[in-house]
Structures are given as structure tokens and as C-alpha cells.
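Below is one structure; the comments refer to it alone.
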Ligand SMILES: [Co+2]
Ligand SMILES: [Co+2]
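Residue numbers (the UniProt record's numbering), protein chains in the order written: chain W, 1 to 480; chain B, 1 to 480.
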């Protein structure tokens, strides 16, 4: 009877696993030799693009992200290729105009993407609209995403309402994205049946192993009706990455679930990636601390990455003794800002504001520009409205955007193409420039004028995950 | 209602966690400053002695294991201190006479041990008898152990019969010891209620996170009625160690279980051990590979440590291409030998015999002396009797011990004390010499005659876990 129950697996080793463990530094050369095997292993999907992969490819690896995608597609004719898209932010760090969104999605489909996992940091569904429309227009699969967070307002009814809205918008599947690894078995047991009851499309659960509960959370989620889980092949599993593909598959098969996975092929894939993992450990790219467990995220209900950012900001300010005070300030700032999920860019804004509030000794004496933009409505709608008096105390009587933020953006593709001049040889080039004006332009110059001296390329220090650029911006402003 | 359900935690960071992750190399100095905090955290027990700790202390750390125990006891007046005892092997590598067993247990109680987890590699209960009697005599808690393994004969009824026998012998609690990390949720769901039904003492589950299923196995075990689980504080958790204490406690408390643990204190303990873990990683003592997942044990139903031993034996013999052939030979050898559990020393015997059988091209052309001793009955009774013809083909018509092997051993304490001469200043010294004749004597010479040149101390290369001495012996014999 139970044998009829299916669980599908999305493999993250080509995207989230190395993004989470080693700041997205896996090279295309390390991926391609095994892609054919991955194509045959029985996965539901291979997550292989989006998130920070594009940024890391042009910024650190000096690789063409589009060429990586085409090469993967060529070797995986059967598997569904999946990418992570930050809604109106695409894979960059600001809201882009709708024409850029349309072009980007079109090109991603053309180069090989089948499934788009689309999320907005505020769960503001208006920020998903343009990418959803584009995905539909180009005939791909739109997986709309619930960013999971914990707060007074993020209740089961809040999430079921959101899930219902995403289905009504036309989601082909729904993802619960637990970017911080704080979804627990208890909550999964309650949340998943509630969501399944209001949707008629597959439900995908995404978590991270960081806090040492993810295997249990997946098991509870599956028992509660989840259809798809995200796992990483064992050499790149656990720690800040996902639970191991083979282990989850073996356990579930033994319990009578059908996964469609071929264990022998998974083992070959693991054997392939093991020396690659060891190579990145030996070269220092993969810090072994990333492989270990840190339950602090679970204790403070704050993502682990945010905790370590706060810690290092306070160290830089020689105020490490204020750590507990800042941790107590975080939920207060979050409440003031309408309980945003603690994901990029909100985790940086909330964290930096909490640090400011504690270090200056006066709440909101100093406010980063990003927080002001947020209060102007430029990022979208907070989960609950911000108190009017609070807002006025920060941005006075400035006008506030209450409709879709991107409605205020003029088309920009043609302008950017013109700006880029003879570096704009393909639409992909223009997108690279649109998404990463400085780094993208430097990259294109490297490609088309390889003799140009190195120092023109803007090289930045490695930093963790998707948060790179915005953390740097906020910290730069703090120092200035 | 569920709130009444209790789960108790045994903390392994002072014994199994560092034994599994870094070959038992944690120094007493790294333990003592946090023991008072551990005493207050609400653990059921602190596993802190036995296993390979004694050997590693005198062999590699040049530390007095008894002094470590006394110092821990002094700082933990409330907590129960637990040790791992290999039945008639105590913490050494052969069967010792009953008088040694009695003295050792007596001294362990005197120096601070409350709970003895006693196991025999063959699950031959006669090998537990002398230590059980001694533990009772000195008024401590005897936790008798089922070594969990997978084979045709290790069925649920096999284990329930064993559990019943252990209870009848007088076990104060029972442990299911899954040394290889191959106990799955499915089996836990069946095995644990079956065992609980025939015992009236608490049931403790011990597993390792190696194959990436342990969180799920613990959860299934607890739902099925397990009373105590073994966990490691997060910096020394996962990988080849146990699941993280804080994570399991948080998840279980949220599900309505009462753990008795103080999360704030656990966090302080984790904060203490994090830089210690990082120090051992930086110095190379903790190989980061030990922190990662390897589901191969689950696939081959063979402990991970045995797989890597086989791999390195074959590499040394320049026969890496025979790996698959050896893996196929392992279950055949195991069947020939009556399906022994694959734990020290049986895992080494079975593995080496399988290598011999494949490399010589003729099964049992070459047989290690340990296997011959085993067939003579010197290790005890196999789970099922060895075929007579098979035995005769190896050891001819030699007499076979069928009663308790230790009944054939003369008392040895007095003799060894005399042998040791003026190095025998305490009973503990005699035990050190009894357990580790060469290394122990060298250690005592260092202690009492510190001017004696270094080269008299027998220094061996680090090797993994409990298996150190016997693997080296078997490999040495193979080479000679
Ligand atoms: Co993720
Ligand atoms: Co163990």
C-alpha cells in the first residue's frame, strides 16, 4: 500500500550545495564529466543554475555562466534543469525592470532551464509576477516559493493563504524554502498538511542541514505529504548544505516509498565528487567548519549566516560584548519593519540596524539607506504594515510606493545595450551588464579584450553565498 | 499527554565523539574546564572513559587515564559517569583472566565510574559474565549491550531472545549498539518495540551519524519507545560521531518530550568546544573528512571503517582493482565464520580473510592466526555454529573450546605484578601493564623514570579508533 507513495528528489550539488559550503566556487570543469551519469540517476530535477552561480562565475571563476548551462544541457538531455530566481531581483541585488526580467527568463529557457524556482524575500507576490509571466510565456515550469521564517505573524494560516494565492497565480508547483534550516519536524507536521489541503500542485521542501535537524524535518515533511525534497550527493551534503541524497533515498525506499533513484548510479556520482570535495578542502576553498553542525540558528530562530555576520560586524567595531544585546534587538527591529523574513537582503538590513541601534545607544539614530528604501516601499510590501508613526520618524512625509515596485521602473534593456557599446555582442552580454554593472562589464572586457590589464577587473574577497554584494554595500556604508 | 514522555541523553563528547572523529586524541586539559558545566546540564550520563581512551592516553597523549577519570569525577559530583567495556577484553585486545576483570572494574568504580556499558563482539553472553558480576559486586550500574549487525541470522527474534537473556542475567539497562551506523528508521520501528516488550529496564540506543541517517533513526527509535539516546555536543557531532545533542533536544522538546536538558547550558558547552574542535582541525588531528557523510556503510551493510581498511590494504598490495571482488567475498567469509557482527576484532578478521581469499586466488589458502584462534573457540561462540567440515579444513582435528573461553585462563594479576617489579607501585599500574604489555610498560617507565631515553617508548602511528592495535597486528602478520 505504502509502496505507491512516491517521493521525488532534486539534486543540489551543482548549485546550492557548493553555494552553501564554499561560496559557489565549483568550476564547470568539475561538473561536466559527471552530468551524463546524473542525467540517468532518476532525479526529478538537477538544480544547476541561478542563485549566486552567475555572480560567482563571472566574478571569481572568470567563466561564462551561459556556456556552463549549455554544456550541462547538452549532457543531460532527459533531466529537468532547475534554477533559483529571486523574483524581480532575478539573480542580482536590486529590482530590475520588467523588460530585463522577460529577456533573462527567455534566454534562460533558450539555454536550457526547465524549472524556475521563484521567490521574493518579503513573500510579496507582486514581486513574482513578471518572472512568473515570463516563465509561462516561454513555456517553462514555474515553481513559486514560500520563504519560511519564524515570527508572530508567520502562522500556519499566513502560509496557507500565501500558498493558495501562489496556486491561484498559476504556480506549477510550490516550494517551502527554509533557507535558514530552522524548519523543525513539529512545524513540518502541521504546516505541510495545511498547505497540501489548499493546493493542487506538487509541494517541494527545501532546507539546510546547518542546525542538525534536517533529516528529521524531511522525514516528517514526507510523512505529512511533501512530494519533492532537495538533497545533495553525500560528498557535498550536510553542514550548511542539504541532507545526503543516497541516505535519504535508501531510508525512504526501505520504508516503502518509491524514489525513482538508481542507488548504484548515485554511488558512482558520489565516488566522482568525493575527490573533488577533498581537493576543495585541501585548497582551503571548502572550510571544514562549513561541514559541521551549528544549532544556534535553531536556538535564536535566526539564520546561521546572519549570526556570524553580526558577530564579525561587532568584532570589527570592537564591541563583541554587545552580542547578546544585539541578539535581543534583532526581533524588535524585525517587528518595527513588519516582520520581514530573514533572507537576503532583509537579514542584512535587520542585522545592521540592530547593530546600529545598540552601538549608538539610541534606536534608529543611524539608519542605513537600504532600510530607508525599504520604508519607501521600494522592496515591496512587508508581511504586516509598518506603523505610520515609526515610518515618519525615519523618512518623514516622503511618498511611499504601495503598488508593485517594478511598476515604477522604466524599461532598461535598450538603454543598457547602448551604454555597453561594442561589448554588447549578444543579449546575454547585456544581461550580464544589467545584473552586475561593474563586475559584469569587467568580465566582458576580459572576454572580448583579453589583453586589457588585470587591474581593470574588480576583484573582491570571497564571501559567503548569495549575500556577497549587498553585505559589502551595507558594510561599506556603515564604515563611511 | 505526550509531555509525560521522557527521553534521556548520554553525552559522548568525552569518549566516543573524539574516538570516532579523531582517534581518541582529546587531551584531559581540553576536557576539564567544562566538566562542571556538563555536570549541571541535565544529562542522564557522561560517557567519558573506556573504549580506546585508556590506550590513547598512555600511547599517544602520555597521560594517566586514571587521573583523568578522578579529575572528571571531582568536577562532576552529580552526573553519572559512564564507560565502555569490551566484556572479557575490558579495554584491551585479548581475553583477560577473571581476576583482572574483577580488579579493573573495582578500580574503575573506586575512581569514579557509575555506569558500565558492557559488550562482546560476538554477542556471546558468557563473555559478559565476569564483568557483570564485578559491576554488581562493586555496586555500579551494568548496561548490557546488543551489538547490532545485519545478517541472515540477525533477525528480530534473534535480538529479542538476546535482550531477554541480558535482562535475565541482571542488566540494569540494555543498549543497542550500532557501531557501524547502519540501523535504519525502518528497522528501529520494528526492533525497538519488540525488544521493549521483553525487557523491564531502560533501553539505550547508540548509533553513529556516518551514513547520514542517524537523526531519523533516533527519532524512529524514540517514537518506538527508546528511553536513552547517545548524542555529541554540536562541535563534535555528526560525521563519524553521534547526532548533535542540542538539535535532538530542541526537536524532541518541541514535540512534547521532556529531556531534562538545559539548552542554555548546552549552548555554553558548545561554545566551549567549538574553538577546541577548530584547534584540532587546524593541527590536522581532526581530518575534516571525518565530519562528512558516507552512506557506503548503508549500501554494503559493512562499517565505514572496515571499508576504508579494506581499501588501504588493497592499495598497499597494489590490488585496488580487486575492491569489488573483496566486497563480494566479505559476506561469504562472514557466513563461513557463523555471521559474527562486524565489530573489533571480527571486522578485521573477516576483512583480512576476504582480502587473502581474493588475492591468493584460493579461498582459505592463507588464514590469519586470529581466525584460527576464533575457530578454536577462543573468542567465544559465533551467532550460528561454524560448519564442522569447514573448521576441520582450517584447524584440522584440534580441540575446540565450547565453554566460556575465560574459564581456560589462569589468574594473572599476581604474576603480572611480580613481572612488572618496581614499576608496579599501584594496582592501576599492574592493570596498565596487563592491558597493554609493551605500551603500558613503556608508559610506566616514562612516569617513574622520566630520564629514560625516548626511544624505549614504543610510539606508533595514529590509527582510527578501537581497532588500532589488532589491525596493526593482523597487518604486520600479513606482511611477514
Ligand atoms: Co538553499
Ligand atoms: Co560508538
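Note that CB positions come from ideal geometry on N, CA and C, so glycine has one too.
The structure displayed is predicted, hence computed values, not measured ones.
Exercise. Taking C-beta pairs closer than 7 Å, name the residues in chain B that residue 294 (chain W) reaches, listed in chain order.
Key: 234
In terms of alpha-carbon separation, which member of B:77, B:91, B:51 and B:26 lies closest to residue 61 (chain B)?
-> B:26
**Prompt:** What is the DSSP secondary structure of residue 267 (chain W), counted as helix, strand or coil?
**Reply:** In the structure shown, residue 267 (chain W) sits in a helix (DSSP, three-state: H, G or I).
Margin query: According to DSSP, simplified to helix, strand and coil, what is residue 143 (chain B)?
Written below: strand
(Q) Judging by CA-CA distance, which residue of B:21, B:172 and B:342 is the nearest neighbour of residue 210 (chain B)? (A) Minimum Cα distance to residue 210 (chain B) is reached at B:21.
Quiz item: Any idea if residue 313 (chain W) is buried or exposed, counting beta-carbon neighbours within 10 angstroms, 16 or more meaning buried?
Solution: Result: buried.
**Asked** When the Cα of residue 6 (chain B) is compared with those of B:261, B:142 and B:245, which residue comes out closest?
**Response** For the residues B:261, B:142 and B:245, the minimum Cα distance to residue 6 (chain B) belongs to B:261.
Worksheet item: What does a CB cutoff of less than 6 Å around residue 4 (chain B) pick up in its chain, not counting 5 residues either side in sequence?
Response: none
Going by Cα to Cα distance, which pick from B:169, B:263 and B:215 is closest to residue 300 (chain W)? Ranking B:169, B:263 and B:215 by Cα distance to residue 300 (chain W) puts B:263 first.
Below-8 Å beta-carbon distance, residue 186 (chain B) vs any chain W residue:
yes
Inset, instruction - Kindly provide the chain-ordered list of residues whose Cβ lies closer than 7 Å to any non-hydrogen atom of ligand 1. - result: Answer in sequence order: W:16, W:20, W:177, W:179, W:206 and W:208.
Give a yes or no on whether the C-beta atoms belonging to residue 172 (chain B) and residue 141 (chain B) are separated by under 8 Å.
yes
task = Classify residue 151 (chain W) as helix, strand or coil using the three-state DSSP reduction.
result = coil
*Would you mind giving the Cβ-Cβ distance between residue 99 (chain B) and residue 405 (chain B), rounded to the nearest angstrom? I have them listed as a contact below 8 Å.*
15 Å between Cβ atoms; not a contact.
Flag this pair as touching only if the segment 290-307 of chain B and the segment 232-244 of chain W have three or more C-beta atom pairs under 8 Å; answer yes or no. yes
Give me the residue from W:436, W:265, W:443 and W:70 with the minimum Cα distance to residue 52 (chain W). W:436
Is there a Cβ of chain B sitting closer than 8 Å to that of residue 237 (chain W), yes or no? yes
Quick check on DSSP: helix, strand or coil for residue 83 (chain W)?
strand
Residue of W:271, W:336, W:307 and W:400 minimising C-alpha distance to residue 325 (chain W):
W:307
Worksheet item: Hey, does residue 278 (chain B) have any beta-carbon neighbour from chain W nearer than 8 Å?
Response: yes
* Hey, would you say residue 122 (chain B) sits closer than 8 Å to residue 341 (chain B), going by beta carbons? -> yes
Query raised in the report: In terms of alpha-carbon separation, which member of W:434, W:198 and W:118 lies closest to residue 49 (chain W)?
Result: W:118
Any beta carbon of chain W sitting closer than 8 Å to that of residue 384 (chain B)?
no
Q. Roughly how many angstroms lie between the CA atoms of residue 46 (chain W) and residue 223 (chain W), to the nearest whole one?
A. 23 Å
Simplified DSSP assignment, three categories, for residue 4 (chain W):
helix
task: Name the two residues that bound the continuous beta strand (DSSP E) containing residue 419 (chain B).
output: Annotation for residue 419 (chain B): no beta strand (DSSP E) segment contains it, though the alpha helix (DSSP H) segment containing it runs 413-420.
Practice item. Compute the beta-carbon to beta-carbon distance between residue 16 (chain B) and residue 242 (chain B), rounded to the nearest angstrom, for a pair I have assumed lies under 8 Å. Key: Indeed they touch by this definition, with Cβ atoms about 7 Å apart.
(message) Can you pull the chain W neighbours of residue 303 (chain B), defined as C-beta to C-beta under 8 Å?
(response) Within chain W, no residue comes near residue 303 (chain B); the closest Cβ sits about 15 Å away, beyond 8 Å.
- Message: Can you look up residue 239 (chain B) in the DSSP assignment and give me helix, strand or coil?
- Response: Correct three-state label for residue 239 (chain B): coil.
(Q) Mapping the DSSP letters down to three states, classify residue 67 (chain W) as helix, strand or coil. (A) helix
Could you tell me which residues DSSP pairs with residue 230 (chain B) in its beta bridges? B:10
By a C-beta neighbour count over all protein chains shown, 10 Å radius and 16 as the cutoff for buried, is residue 166 (chain B) buried or exposed?
buried
Once DSSP output is grouped into helix, strand and coil, what is the label at residue 17 (chain W)? helix
request  = Return the chain-ordered list of same chain residues with a C-beta closer than 7 Å to the C-beta of residue 390 (chain W), the five sequence neighbours on each side being excluded.
outcome  = 336
Report buried or exposed for residue 82 (chain W), applying the criterion of at least 16 other Cβ atoms within 10 angstroms of its Cβ. buried
### Task
Tell me, please, whether the segment 416-428 of chain B touches the segment 440-448 of chain B by the rule of three or more beta-carbon pairs shorter than 8 Å.
yes
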